[in-house]
Every structure is written in C-alpha cells, then in structure tokens.
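Below you can see the structure in the form of structure tokens.
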C-alpha cells in the first residue's frame, strides 16, 4: 500500500490519475502579463464574453500558470482540457481604465453555472472565472464557490496560498463589490440564521439548522487524507455552548478522591500532549439509502457524515490514573460516562458513555482533546475540550465536555439508552424494545464511492473510469482491501489504498484512521451504464453486506451495505 | 437473553421446543419387565419383526421409561410420536431361552435404516432398536449409531449414564456378537486406517483421513453448548505426534534470558490454572458453499468446522512475564510464533504466529492449555499442550506445542505466509500475491442453521417451524442478535440466544464463546417450500454478507454469507 504525507494527498492523487502523461514541464514566468488589480477584462460582464480576448498566443503562459498553481498535477490536469481552451493575449496590448464596474452580491449570485457564467468574489473584487473552470486543477469542484466568496474554499486547500494563484485570478477580474455588499458578505453568513452559533463553511450540505448538522460535499471528501476542520461533518444534538476557556472546568466524579475539578491549563500542562489521527463517523452516515427502502427516523445523511482529523490532548487513561483511579475502582466501575456543556431547554446535558476497558486501555487511545488538526478545537467540534474515542461511533465522542463520571452503569441519557442502537428489519416502532439492543460503540466496516457522482457520465473514448472513495472500520480494525465493481458486483477489482505516512503501519487494533482508495477500471465493452459498487474488508475480514434492505432498521443507523453509483457511458462526439 | 447451565443445554432446548405440552408426568417403575441380559426378543431378527410382541398395554411403561431416560424433555418428545407407537407386553409372559443368537459385525452393519431395521451393539450384545427410534428423546440422531456400537454416542450425552437407559435397551436385545467380531470392534476403528493415530468417534464426518480432518454432524452441533471433545471438529495438518508427558519440554525463545525449557509439571505447578470457554473455528468452515459457486482449493467443510469447549491451562502472558518478558523486549518484538511437534516428511513443523499485543494483553486470554472440557487434552487436540488463542482462527491455535518464539516477525511457515489469507473474488491462482493480504487472525461474524436439515420437510399442520443454530464472532465480539427468515430474506424474525451461565455477561471484547439460538417461526400461508436464512450481528454491529459469490476466494476461507436451508412444507396426510 502506498503512503502519502497528508499535505501531498491532493496532488498525489492527481498525479496518480494522470501518471501516464508525458507533458513537458517548461515554465514561463507570467510577470509580464500581470497588471495588479487593473485588468482589461472588466469590460466583459457576460458568461462567455471573455472569449474574444483570448488567442492561442497565450497558451504557454496559461500552461505555466497551471503548473505553478498546483504543481505537476495541475499541469497534467490541464492536459485533459487543453483542446477546448482558448487563451488570452497579453493584457499589455489592451486599453486600461481606472474605474472598475461595481456589482452587488445579488448580481454575483446569479452567476453560478457555466451557462450563466461563473462569478466569484475575493477580498471585495469580482471575477468571472467561467473560462478557467475547465483548466482548474481541482476539476469542477471550483463550481462549489460559484456565485460567492472564494475565501472559504481556498482555506481548505493549502495550494491556493501560492502567490501565483492570485496572479491567475487577477486576469479574470471584472469589477468590485459595492461597499454595502462587501460589508454584508464580511459580517453575515446567510446560511446560519442562529445568533450565537459559529459561522460555517458554505460548502457544507445542511441536514438540519437547529441543531446544526451538515456534511461536506461527497465530491471533496476524499481530496485530502485529513479533512479540513471547516468541512469536517458537523453533528450537534443541541445548540453550541459558548465556553470561556478561563472559567472552564472539567469535573471528574466517581474516583476515591471525590469530585475533581480540572482547568483547561491544568489539562494542557499536567499531562503529555498525545496526538492521534482518527476518523469519526455518525451512526446515521448513509441513512438516506435506508430511507429509499422504507422511511426511517433521523437526519437524511448522504455518504459524508464521516471525516478524518488529527486530535491532540491528554490521555483519558493518564488523567484518570493521575486523579486516583485504581484497580480497586475497576471492581465496581464498568463504564465511563461523559456529559457535554450543551443543554436542552430543560437544562439536561448531552450525555454518553463508553465501556471502562476502552477508556483505561493503553491501546484504547481515548483522548481529552483540545486540538483538532493542530489548532484549538473549533466551536462546532467541542471547544475547548471533547473526548475522542477512536474506533467508536461519533455519538460517544462527547463535545464541550463538562463532566466525566466513573460509574457502574451506562449513561442514563436518551442518546445512550433509547437511541443509537441497531435493530432487526422486522422491528418497528410498535414492537421496539430499546433495552434489547446494546448501545452502539464500535462501528462496522464501511466504505463509499466519492467519485464519480451518481448520474454523472464517462466518455467511452476514455476507455477506463477512475473511481475514488474512502473506507474505514471501527474498533481499530485496519481496512486491508477495497473491492470495486463496475458491473453491479459480478466482477471485482482491487483498489489501491492510500493513507498518511505520519506513522508506521498502525499497531494491531489501533488503526483509527480511514483509508482513501482509487482505481482505474476498464470500461466494459458496449456498456451503456455502469453500476459502480465498492465493498471494503478489514483485518478481521469482516465485510459489508450486499444490500440495504436486510440491515434496514427503524432509526436508520449502521447503513453500511455496498455503496452503489450509476453512471452513463457517453459515446464520443464526432 | 436466557442463560443455561451447560449440562442443561440439551434438555432445556427440548423443553422449549415442546413448552406447550400438557402431558402428565406419572412414572411407573419398569423393574417388573426387566430380565437382565435375557430377553424374549432375540428371536426377532427382522427389522419389523418385533412388532408382534408389542401391544398397547405396555404404553405406560414405555412412557415412564422415556421420562427416566432424559427427564421431562424425553416425555415431551415422546408425545410427538405416541400415536404411531405400539408397545411391548411384559416379557414375563413370553418364553425365555438361555442361548442367544450370535451375529457378526457384518450382519449388524447391514441394519442401518428404518427400512432394513436399526441394530446397534453395546458391550458385545446386539440390539434391534427399530421400534425405539420414534420414541428416542434425542430424535433420529439415534440413527447415527445404526449398524455399530452405541458406546461412542452415549459418551457424548451424560443422560445415557442413567441405569434406566440400560433397562430400556435390554428389551431390544436380539443376540450377541461373535467373539471375533467383538475383538475387532474393540481393537480397531474401521474408519481410521493409520496406525499410531488415535481412534475417533464414528459420528465424525471425515473430510480427509491423512491428515485427519473431520466435523461432527451438523444436526448434533447445537445440542450442547459445550461440544463434547470426541466430536469437536478435528483439523490436523500433519500426523498426530505421540508425546510422552514425562519427557515433554516447551521451549521459549527470544527472551533476554535465552532459551527456556519448561516441563509439563512446571507449566501446571508454577502458574495458576486459568479456564476459559472458547469457540474455535477453522478458516475453511462452510467452504463447501464456496465450492458450489466455483471450485476452490481446500477441504470441503460443511457448517460444522466450528465447536465450543472449555480450555484450562497457564496464561501465556503470565508465562512470558515469568520467564523475563519486559517492556524493552516489546520495543522490537511484534509477534509470538508457535511451533508444533507435528512434522512433515522433511522434518518441518507446523507453525503459526499471533500479534504480540494479543499474547501480552490481560484481556487477550491466550492460554497454554493442557485441559479440554475438564480432562487432559485428547491426542487430536494437542496433547499435552496447545495454545488457545480465543477469538482467532483455529490455524493459530497450535497443537502439540513445542516451541514459542518472541520475534520481530511473523512465523515463516507456509500456513502463516502462503495460506489462511483472504483475497478478492477477482484474484485467481495466476494473479495471487500472498504477500498482499494479511494472515487471518480474528475471524468475522458467523452463523449457521443446524436444524432443520437441507431437503427435509415440515408438516403444514404444525403451523410453525423450529429453527436452531449457532452464531459466533471473532475478536471477542459478542453476538447480540440473530435474524432468521423463512422466505429467503424478505422478512425477518429475531431468534432467542442461549449461552452458558457459568460466567456473567462476558466482559467487553472477551466474548470468546458462541451463542446457540432457536426460534419458532409461523409457516407462511400456502408456502410449498421454505428458504430458511440466518444472519448474525455482533456488538460491533458487523453482520454477514448476503451472498457467497462476492466473498468467494481461491482458498475458500472466510465463508460467512447468510446460511440458507431449503425445506419442503408437506400437506398433512388425511
């Protein structure tokens, strides 16, 4: 299996996709065509109007820019589109004016497609990037930003921090936002109507606003091994509490020493900072597929209620031992309960628990995390402290952690007792007995296809289709194989797996992070449609069930059947 | 979930099957009809000839006997058949002779069916039990012994040790074996042509004689929670070595102290005797189902290459720590290798390894076992010492253990490197790369139907069908649910689970033993045939895949798709 540095994930994947390319890497500086914030193109306000300023003399410049933008991967990506592209001449040959057109946000948001033109804003300037879409090294994901600000998307991908990206962008400037629009854009998030809640990334696909529940677009999920915090799926059960780090206290109960109260700085200073990379998944990930079989209760998650991050904090084991946990305590104690600082209208806090042995095991790697991806936890992910229980369903990874109780019994919370449990397909709301099923802890083997998208098409002339996705299993079980079929499961191919190279092979039972996977599969002769299927296998050789119906359950949790995506095969246009 | 004492398993299950019965439990002693070894019936040599000695006056006697034989369960079982049964009159009314007919083994073995008569032998006497078959509390399992000796079957079920069982049997005596036949029966096992190998239970269904590989009949597998050692599945890779317990030495290498040599008595005296109940399963269990999809290489196991036993011995962890294992050793060591005393013609021993963390974990429960079900290990199961690695594939539970090596690498044996690994269905012998897959350790979730048998029938008038089976998962994951369908998987019912009550609920991650399960499902209106299906769920909520094809692999291992059994629904005879 190949291993990647997290920061290389995106470009490496692009490289793989185009590894047979033979394009030269000659680079020509673009400084001569750059004119700061002034651009000849602001006279072009239509979606395709800019084409008249292009000619083939500019081709090499743009070629060079693409290379600078995102490394060789971009160059190779460009190759795929070069036959369709026309190029701008040097702007030096065109008249320059000093007063750019002024637009409102409303005008910008009308331009969100290739048909209507693709406009974006960046620091108050307005750009028509319609022509650049086909050259974008990241493909049509650029369209996620169409009609709005670029900033949140660029924040996801470090590659955009290159100076040359701004150089490219400047070519497409068509004007500026009016001051009122700029102020609105900077001060409000039109997707978040709730005062007090943090602002969220506009790319998130929202399943519920209050509480806030959202997932990233599936198309970007496998772009980086580490999911940027801004688009890491959000699963809140209650409003996000505002916690003052100075007055924050973590209470620990159930130890012989009585109640212990720990400050944030004590948590950071008294215990070594431990870091793990761990994938979290909502129990309801892929619930929408169960809804198609028969209606279930719950948020209609797609395939992206799963994300991967690095988490740093104190070891729960070390904290408990420090404050007096002894083998004698374990004689009666069987569970560690967690309570969040997020509360419902009655004042009841979110709560959950995990088995004691998971919390106390040296190999359990349970963290009281105060950092996510190297920064303070964002408000949506539990600032200032959450528990990260790797290998275990998201619901037990309690955010805004306020209290830990060492107990002989499970959490009495609704979410531990009467939710997040699996049942037989034959069990309905009239017959369900929540006591009859164990609370979900470790999750089963899972995988899904992030590319291509359902309903998209591939060209027959391409001869093969590139398929990408993620795979993960609970309980620290490492994904060892992903099988992919393009004929609905009749024949199977083995995908290449990708992972971080930060560590060695994960120790047995401690593979907390997902694998990304990719494969190029030849198009079957004469196929008009492909039914692409994936299934993963972990190192206990558990695998996913074939179909959704037999694992359907009234709460729509644990949806881990083979993932299926249908795409058309288009005959090449002559 | 109900819990049973192991010794109650059989009768309890029978009770459940017949729990609606209202039969009285009046018991009448049989002493008046017992005549020692002399019996009027030895004049009857045909399969059905005995009927003329029966009349209805004997009904109450036989009823009483059945009750004594196996408790209330037997009484209730009898009810199912009473309308068909005729009863013998008291033998006191019949003439008695002093010279019984003499039979050869060959004559006995011709009587193996209800059509030809069912004869058995016991301590040199010959019995025609044709008429008793329908009254046998254990059902038609009695036919397993047809044509041969009763002793090995009675040894499986403690219930036969009751004196009254002999009383019943005596009624059916028809003669004696001739001396030559008796000698042969006592000294040889016609199913075992290899000198030096232990004798085996004749009920075993043999997949290979050399090495010896056999499984119990599926129909008896779920009769007792603890599988009697004699019918516990046997999976030998090489000839069974004869080991002298006095000269036996277990060598331990790779510790700072150098090579350690441990005697059997040291192993027993220096370390506390630990006991666990653990299910072992061959990686190839249910391989025959893969063979039906496409030919695989390997023994054609049915569903019974899995069994459950208690194992007692020294903790491997405690032994390693005693002889000098330290955390420093763990810096380089990653695996514990095992070598058997069984060797091939080149002198190479059977070998396997497990990850160090499994061996060293307090919760791993790995034993150097010297007892199975409370007795010395039988020769086929590793006498005098085997390693029991609960939750892990049988192949790593090395028998006749001669050497333990603490190592940085896995065992180099064929069985670790080039066998016992899983592959994609698309991988064939031309493309397989054994290095690309991990050695099987923990096994995936498994379940199968032991009753009713494929091709059998149920009567429509019974209105429901009783279905039984086993379920187990690797890695100490507890089976939490078994779903059963009688319509091929369209609708599902939840079975009752049974387990031993020897312990409490197993600690998380330490559920090493299987669950037996049972359910009565109503017969669907008008169904002519049932496709009975089962699938199990463990506490990581992993479940079995729907079909065999997509998990097919060239070695035919890890066959854990839904188990399917087809039975006919017979309309009642008017």
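Protein chains in written order, with the working numbering: chain P, 1 to 574; chain B, 1 to 574.
Note that beta-carbon positions come from the ideal geometry of N, C-alpha and C, so glycine has one too.
Local conformation of residue i per DSSP, three classes
| i | result |
| --- | --- |
| residue 514 of chain B | coil |
| residue 624 of chain P | Since the first residue of chain P shown is 1 and the last is 574, residue 624 of chain P is not available in this structure. |
| residue 469 of chain P | strand |
| residue 322 of chain B | helix |
| residue 377 of chain B | coil |
| residue 415 of chain B | helix |
| residue 267 of chain P | helix |
| residue 140 of chain P | helix |
| residue 522 of chain P | strand |
| residue 168 of chain B | helix |
| residue 461 of chain B | helix |
| residue 242 of chain B | coil |
| residue 185 of chain B | helix |
| residue 149 of chain B | strand |
Contact set for residue i: own chain, Cβ-Cβ below 6 Å, skip 5 residues either direction
| i | result |
| --- | --- |
| residue 334 of chain B | 356, 408 |
| residue 314 of chain P | 267, 271, 368 |
| residue 381 of chain P | 372 |
| residue 446 of chain B | 472, 560 |
| residue 289 of chain P | 548, 559 |
| residue 539 of chain B | 477, 478, 480 |
| residue 339 of chain P | 349, 351, 402, 403 |
Residues bridged to residue i [DSSP beta-bridge criterion]
| i | result |
| --- | --- |
| residue 315 of chain P | P/367 |
| residue 296 of chain B | For residue 296 of chain B, which the question treats as bridged, DSSP gives no partner whatsoever. |
| residue 336 of chain P | P/354, P/406 |
| residue 439 of chain B | B/421 |
| residue 347 of chain B | None, per the DSSP bridge assignment. |
| residue 308 of chain B | B/279 |
| residue 372 of chain P | P/311, P/375 |
| residue 127 of chain P | P/120, P/173 |
| residue 576 of chain B | Chain B is shown only over 1 to 574; residue 576 of chain B falls outside these bounds and no answer can be derived. |
| residue 531 of chain B | B/487, B/566 |
Best match in the options for proximity to residue i [C-alpha to C-alpha]
| i | options | result |
| --- | --- | --- |
| residue 415 of chain P | P/171, P/143, P/170, P/237 | P/237 |
| residue 111 of chain P | P/99, P/136, P/137, P/145 | P/145 |
| residue 242 of chain B | B/397, B/198, B/300, B/307 | B/198 |
| residue 348 of chain B | B/413, B/405, B/463 | B/413 |
| residue 384 of chain P | P/342, P/420, P/352, P/358 | P/342 |
| residue 441 of chain P | P/283, P/121, P/370, P/101 | P/283 |
| residue 140 of chain P | P/329, P/404, P/220 | P/220 |
| residue 588 of chain B | B/204, B/229, B/240 | The requested residue 588 of chain B is not part of the displayed model; chain B covers only 1 to 574. |
| residue 452 of chain P | P/463, P/532, P/121, P/427 | P/532 |
| residue 173 of chain B | B/279, B/127, B/325 | B/127 |
| residue 424 of chain B | P/419, P/496, P/444 | P/496 |
| residue 528 of chain B | B/494, B/466, B/455 | B/455 |
| residue 553 of chain B | B/375, B/166, B/291 | B/291 |
| residue 519 of chain B | B/565, B/507, B/498, B/468 | B/468 |
| residue 354 of chain B | B/322, B/394, B/370 | B/394 |
| residue 99 of chain B | B/164, B/130, B/177 | B/177 |
Contacts of residue i in chain C (Cβ-Cβ under 8 Å)
| i | result |
| --- | --- |
| residue 343 of chain P | Among the protein chains of the structure shown, namely P and B, there is no chain C. |
Sequence-distant residues of its chain with Cβ nearer than 8 Å to residue i (five each side left out)
| i | result |
| --- | --- |
| residue 24 of chain P | Annotation note: pLDDT 30 at residue 24 of chain P (below 50); position unreliable, coordinate value reported separately. Cβ within range, chain order: n/a, list empty. |
| residue 509 of chain B | 363, 475, 476, 477 |
| residue 457 of chain B | 567, 568, 569, 570 |
| residue 557 of chain P | 283, 284, 287, 298, 420, 421, 422, 440 |
Own chain, CB closer than 7 Å to residue i, minus 5 neighbours either side, in chain order
| i | result |
| --- | --- |
| residue 582 of chain P | This structure leaves residue 582 of chain P out entirely; chain P is present only between 1 and 574. |
| residue 460 of chain B | 523, 569, 570, 571, 572 |
| residue 249 of chain P | 261, 262, 263 |
| residue 365 of chain B | 276, 390, 510, 512 |
| residue 34 of chain P | Because residue 34 of chain P sits at a pLDDT of 27, beneath the cut-off of 50, its placement in the model cannot be relied upon, and the following sentence gives the value as read from the coordinates. Closer than 7 Å at the Cβ level, and outside the excluded window around residue 34 of chain P, lie 167, 170. |
Entirely within the segment 203 to 236 of chain B and at least 3 residues each: give me those beta strand (DSSP E) ranges in chain order. 205 to 208, 213 to 215
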